[in-house]
Structures are given as structure tokens and as C-alpha cells.
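Just so it is clear: in the sequence shown, position 78 is 476 by this note's numbering, and no numbers are missing. We put the CB at the ideal spot given by N, CA and C, even for glycine.
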Amino acid sequence: MQYVAKRNNLNKLELSELDKKHYLHPTTPPRAHYLSGPSTIFTEGKGIYLKDIEGKERIDGVSMLWNVNLGYGNEELAEVAKQQMLKLSYSSSFSGQSNEPAILLAQKVASLAPGDLNVCFFTSGGSESNDTAFKLARFYWKVKGQPEKTKIISLEQSFHGVTVGATSATGIEGFNKFTTSNAPNFLTAAAHVLNAELGDKSDPNYSRSIRGIIESEGSDNIAAVILEPIQGAGGVRFPPDGYLQAVRKLCDEHNILLIADEVICGFGRTGKTFGVDNWNIVPDFLCVAKGISSGYAHLGAVIMREHVREAFIQSDEMMFHGFTYSGHPMACAVGLKTLEILERDQIVKNSRLRGEELLKGLKYLESNYKHITNIRGLGLLAGIELVKDPENGISFDPAVHAAALYTDICMDLGLQLRYFDWKGTNTVALAPPLIITSQQVEEIINRMSDAFKRFEKQI
Ligand code: PMP
Numbered sequence: 399m400q401y402v403a404k405r406n407n408l409n410k411l412e413l414s415e416l417d418k419k420h421y422l423h424p425t426t427p428p429r430a431h432y433l434s435g436p437s438t439i440f441t442e443g444k445g446i447y448l449k450d451i452e453g454k455e456r457i458d459g460v461s462m463l464w465n466v467n468l469g470y471g472n473e474e475l476a477e478v479a480k481q482q483m484l485k486l487s488y489s490s491s492f493s494g495q496s497n498e499p500a501i502l503l504a505q506k507v508a509s510l511a512p513g514d515l516n517v518c519f520f521t522s523g524g525s526e527s528n529d530t531a532f533k534l535a536r537f538y539w540k541v542k543g544q545p546e547k548t549k550i551i552s553l554e555q556s557f558h559g560v561t562v563g564a565t566s567a568t569g570i571e572g573f574n575k576f577t578t579s580n581a582p583n584f585l586t587a588a589a590h591v592l593n594a595e596l597g598d599k600s601d602p603n604y605s606r607s608i609r610g611i612i613e614s615e616g617s618d619n620i621a622a623v624i625l626e627p628i629q630g631a632g633g634v635r636f637p638p639d640g641y642l643q644a645v646r647k648l649c650d651e652h653n654i655l656l657i658a659d660e661v662i663c664g665f666g667r668t669g670k671t672f673g674v675d676n677w678n679i680v681p682d683f684l685c686v687a688k689g690i691s692s693g694y695a696h697l698g699a700v701i702m703r704e705h706v707r708e709a710f711i712q713s714d715e716m717m718f719h720g721f722t723y724s725g726h727p728m729a730c731a732v733g734l735k736t737l738e739i740l741e742r743d744q745i746v747k748n749s750r751l752r753g754e755e756l757l758k759g760l761k762y763l764e765s766n767y768k769h770i771t772n773i774r775g776l777g778l779l780a781g782i783e784l785v786k787d788p789e790n791g792i793s794f795d796p797a798v799h800a801a802a803l804y805t806d807i808c809m810d811l812g813l814q815l816r817y818f819d820w821k822g823t824n825t826v827a828l829a830p831p832l833i834i835t836s837q838q839v840e841e842i843i844n845r846m847s848d849a850f851k852r853f854e855k856q857i
């Protein structure tokens, strides 16, 4: 019989040993983790601040996984979760059964979503939302009498999650290749090649563009295109102006559904309620998670347009799809309260205004430190690039792991950021909670500035 540890009586070393023995971590190298144990054990969070087991405080400059949009320790969200658990802790949405929080959340989401995106299917997170959208897109074509339309086109450097469908659509190589064998009928297109999508056949990427793939595969085989309005984990990559509109038009012309993966962008991250609102397009499916509950509950949704639901209700086909936790009453109650706070406290506006300040601060850093370049941001989603010599376009040697070093220094100075070093890049991502104040934005810039001083000495 093994000793089972009780909560609240173990120190960092003891917890680390238990972690190493019993806890396999997501998106972590197992061997390195097994040897060194957890880098941080978080114990508390309030607002934009986190505390670890050693009592060290840090600003969460990325809302952990771009999800804690209302910050930590929100009492209203805690209270609504408690009350809902006491009232009705669980009920299923199978076989037409329903519950009040799920119904009200569906209506609330519909009221916020652009155009006639009016109908919600609930999931427990982003991967489930995207997998659901793939299945519903195929179901749509099936009930429309075109069951051969099954292929899904996604973009290079995209991230859509880790379930088999979502990982098959994910363009980032490590994730895409992890399973060694993906689901069939997923095709990868070059990302953000605007001219090609507009029909310029002289574009060297034409054959790899969405348009080129539609031409070579035939639109009769293609169910949908999926894209993130701004690529997150791919390295905070923005599309060129006009790109989303061009893809929307292309899909319309070829009778292909458009899925927007707004798992990061949704609910205010980009300074508008949804990422697509920045470019005034309406996808056929809009997938959300993260910000819908601010990370307080595992919740996601696929929001679909009226014509999609219309197709479903014209048919007598059963929908053989649903999760045990689709429409979970506690998660939906937390989601509903999150969206109420979003509106009441004008969080989207705060994201826009604080985002402008953050961008200004990052530009100040660019003009004061030599290794920072390519500042981009919209709302409170921003990225910077670290390069050896910006003037001559010389990158750091990948062996020096520049972005990892910089974010480690930031961490040491009390600022949690994230880095991505795909394909020789050194991207640092910022996505602080949307409740951040001007003063706290300044504090992030100050800590980044101190970090650059140390970085320049160490690199
Ligand atoms: N889509 C995007 C754009 C994401 O950033 C993520 C998560 N980072 C996902 C999907 C997957 O979401 P989840 O981890 O909740 O399954």
C-alpha cells in the first residue's frame, strides 16, 4: 500500500518528487521533466498576478494559455460556480434534455456573435470545438446530398488542438507529426498568401494556396477551410489585410464552408468581440473555448450560421455526436457570468485601449534595445521577434535558444511570457488578462526592459 499525500502539507521538493513519479505533463518533454521535475508549482492567483509555492509573485503576461481573460480569483465566477453546483451539479444535453444555464449561454453567445451565427453546440474545449466543426461540416454536406465533400483545408503553422482531428488539421510540424499517422482528408495550404488567394497564378505559392488546392482537388471533395483569424501558437502571425475577406469569397465561390478557429481570439482578445470582427467577415462555423469561461471552467462552443442549422432540420438524420459534458450546467453558468462581466465592465474596450498602450511600450523597447524587432499586436494579443541583427536581418543561431533565454530572464524578473521557436524564429508572445490596467501594462514593459538589459549581457 502506497502512502497517499494529503493536500497543503507538502513542500516544493516533496511535491516535485510526486509529480515526477505520477504526473505525465502535456506539451512537455517527458525525459527532461522526469529528470528535473516541475519548473514551477503555482499556488495562488489574483487579478493578473500569480504566486508559486516559494511565495514568488509574477505577472501573468500571457493569461497562462491565452485563456484567463478576466484574471485570477474572480469572486463572481467562483460564486456562480458554487451556486450552480449546489442547485444542479450536472445534467446531460443528450436526447433533447436541457438545462437553464446552457440555454441562456447559447442565447448570449448568439447575441454577441456576428451576422447570423446564432446556434451553439457546446464542448469542453478548443480541440473538441474544432473536431465538432469538422464533423458538422461533413454532416452538413451529407444532409445536403453531397457526402463526398469531406476534405478539410487548414494552413501551415496553424494550431487547432490535439485530438486526432484537430491535430491532423494543425500545421505546426511537431504537433502534426506527433501521432505518426493522421486522420485522412486533411490538406495543408500555404498560410497568408494573399495574391494567390486572389487568383494570381504567378505567385510562387499558387499551387499550395487554398485556391490552388481547391483547383487540384476539386471543390466537390472539399467540406471546409479552417483558419485562425490570427495564428497564435504558430507564432502570433497576422494575415495580410484583405486575406480573410479573400478566403471568405473563395469559399463562397466554391461552395465550401469556412470555419474560424477563435479559441484564442474569441471574446475580446483582439480588441473586438471576435477576431473576425476586425475584418468584417462571417464564417459558417466559429469555434470558441478559453475566453468563454476565462479558464474558470472547461468549456467551448461551435457557433454556426442559420443556413447550417437549416440544413440539419430539413433532415431526419440523427446527430451521432455529443460529449458527456456538452452543455455542462456549472461550466455554462460560469460562461454566462463571464460574458455578463465582459459587457458590464467593457472588457473588450479595455482590451483595445490597453492593447494600444502595450504596442506603444513594445515599440519603445524596440527603439531602445538592439535585438527586438517585428512588433505586432491587436488588442491584447501581441508578438515580438528576437533577432541577432535586425538591420541586416540576421537571426540568432538556433543553438543559443534566444527566445527561451529571454523568457527565462523575464520569469526570473517576475513576468510570465511564452516563446515559440518554430523554423528558426524567436517569437515572444504577450496576451495579458483583458482586465489589465494602464499601470500594469507599464509594469510589464518595465520588467521586459530590465530583462532586455540582462539578455544583452548574457546572449
Ligand atoms: N485552437 C487554438 C487556436 C488554440 O490556441 C488552442 C489551444 N491553445 C486550441 C484550438 C485547442 O484548445 P484546447 O487546448 O482547449 O483543446
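Check this for me: beta carbons of residue i and residue j, under 8 Å apart or not?
i	j	result
Ala771	Pro796	It should be pointed out that residue 771 corresponds to Thr in this sequence rather than to Ala. No, these two residues do not count as a Cβ contact at 8 Å.
Pro681	Ala658	yes
Gly559	Ser525	yes
Arg456	Gln814	yes
Lys449	Thr441	yes
Leu779	Ala801	no
Ala594	Gly616	no
Leu832	Asn467	yes
Gly435	Gln555	no
Gly720	Phe492	yes
Arg752	Ser836	yes
Leu510	Leu737	yes
Gly630	Ile662	yes
Thr668	Gly777	yes
Gln712	Trp677	no
Gly445	Tyr470	yes
Ile679	Val507	no
His431	His420	no
Ile842	Gly459	yes
For ligand 1, is there any heavy atom lying closer than 7 Å to the beta carbon of residue i?
i	result
Phe683	no
His726	no
His558	yes
Asn528	yes
Ile662	yes
Gly523	yes
Leu463	yes
Asp659	yes
Gly630	yes
Ala780	no
Glu626	yes
Gly698	yes
Ala802	no
Ala687	yes
Just verifying my parser: in three-state terms, what is the DSSP assignment at residue i?
i	result
Met846	helix
Gly812	coil
Cys685	strand
Met399	Note that Met399 has pLDDT 44, beneath the 50 cutoff, so the model's placement of it is unreliable and the number below is only indicative. The answer is coil: DSSP assigns Met399 none of H, G, I, E or B.
Ile657	strand
Arg667	coil
Thr736	helix
Asn766	helix
Asn574	helix
Ser437	coil
Thr565	helix
Asp450	strand
Tyr488	coil
Glu530	First, the residue type needs correcting, since residue 530 is Thr and not Glu in the sequence shown. Note: Thr530 maps to helix in three-state DSSP.
Glu615	helix
Ile782	strand
In chain order, what residues of the same chain lie with their CB nearer than 7 Å to the CB of residue i, ignoring the 5 residues before and after it?
i	result
Ser489	Gln495, Asn497, Pro727
Leu740	Phe665, Gly666, Val746
Glu704	Asp514, Asn516
Pro417	One point to set straight first is that residue 417 is Asp, not Pro, in the sequence displayed. Closer than 7 Å at the Cβ level, and outside the excluded window around Asp417, lie Gly435, Pro436.
Met399	Note that Met399 has pLDDT 44, beneath the 50 cutoff, so the model's placement of it is unreliable and the number below is only indicative. Counting only Cβ-Cβ distances below 7 Å, and skipping sequence neighbours, we find nothing.
Excluding five sequence neighbours on each side, which residues of the same chain lie with their C-beta closer than 6 Å to the C-beta of residue i?
i	result
Trp539	Lys547, Ala621
Asn465	Lys688, Gly693
Leu625	Leu553
Ile773	Leu760, Lys761, Glu764, Ile782
His696	Ser522, Gly523
Ser527	Thr521, Cys685, Ala687, Gly698, Val700
Less than 8 Å between C-beta atoms, sequence neighbours within five positions excluded: which residues of the same chain meet that for residue i?
i	result
Ala581	Val562, Gly563, Ser566
Met483	Met728
Glu660	Glu626, Pro627, Phe672, Gly673, Val674, Leu684, Cys685, Val686
Ser607	Ala587, Ala588, Val591, Ala594, Glu595, Asp601
Leu756	Gly775, Leu778, Ala780, Leu828, Pro830, Val839, Ile842, Ile843
With a cut-off of 8 Å, does the C-beta of residue i fall near any C-beta of chain C?
i	result
Ile834	No chain C is present in this structure, which holds just one protein chain.
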